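Numbering (this note's numbering), first residue to last: 3 to 201.
Written out as structure tokens, the structure reads:
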């Protein structure tokens, strides 16, 4: 029997160390700790897939909390079932010791309670994800109402560039002269000319 651990954070600038430290303190070897810096919206994660391929009947998978496994209610339930029933490995959630499938052989009640808690926590994880999306949408809507502009700022042209551009458009100067005076490459120059014509 081998013991593995899985850590996950959503963004590249977030730190995995707290989870990894907890696994090491639990006694898991570093080369058996897998981690991803990716959203928990689905299970399309490179290191997670590598880990699942290694899991065998009788192995133990340790995670810090249920939302580190994922944030989609239905997918968490399906993945949990695949690991415990199809592969035959066990799962332990450190922050919620009641979620320890190793108890399933001991009592039916233990498995029943574990399954209920898993479903509740999976629902809470997905619900929190939905709330985050809603808060983001509310924030963007309020910012727009307050005049905040999103996306790339509009290009403001200098008077010198406008003078060169209009001289070129009106055929008062040739392209070669316009490029020399504006100091930009031909493709870029044509791009800005098109923008000015649109205006």
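Yeah, the Cβ is synthetic: ideal placement off N, Cα and C, and Gly gets one too. For clarity, every value in this text was computed on a predicted model and none was experimentally measured.
C-beta contact flag for residue i and residue j at 7 Å
i           : j           : result
residue 90  : residue 129 : no
residue 64  : residue 18  : no
residue 103 : residue 92  : yes
residue 61  : residue 3   : yes
residue 9   : residue 26  : no
Candidates the options, of which the one nearest residue i by Cα
i           : options               : result
residue 35  : 99, 14 and 7          : 7
residue 186 : 25, 122, 162 and 200  : 162
residue 12  : 146, 39, 175 and 194  : 39
residue 78  : 45, 49, 177 and 133   : 45
residue 68  : 99, 168 and 29        : 99
residue 70  : 50, 188 and 166       : 50
residue 184 : 160, 173, 198 and 174 : 160
residue 164 : 197, 137, 149 and 148 : 197
residue 84  : 54, 105 and 66        : 54
residue 80  : 125, 16 and 14        : 125
residue 28  : 5, 122 and 48         : 5
residue 121 : 14, 172 and 72        : 72
Anticipated Cβ contact below 8 Å, residue i with residue j, distance rounded
i           : j           : result
residue 74  : residue 43  : 6 Å
residue 180 : residue 193 : Residue 180 to residue 193, Cβ: 13 Å. No contact.
residue 101 : residue 24  : Not really, about 15 Å apart at Cβ, beyond 8 Å.
residue 167 : residue 134 : That belief does not hold up - the Cβ atoms of residue 167 and residue 134 are roughly 45 Å apart, past 8 Å.
Residues that DSSP places opposite residue i in a beta bridge
i           : result
residue 54  : DSSP lists no partner for residue 54.
residue 2   : Nothing about residue 2 can be read from this structure; the chain reaches only from 3 to 201.
residue 165 : According to DSSP, residue 165 bridges with nothing at all.
residue 8   : 36 and 65
residue 189 : DSSP output for residue 189 lists no bridge partner at all.
residue 102 : 94
CB contact below 7 Å: residue i versus chain C
i          : result
residue 76 : No chain C appears in the structure shown, which is made up of a single protein chain.
Segments assigned beta strand (DSSP E), at least 3 residues, entirely inside the segment 61 to 95: 62 to 65 and 92 to 95, all fully within the segment 61 to 95.
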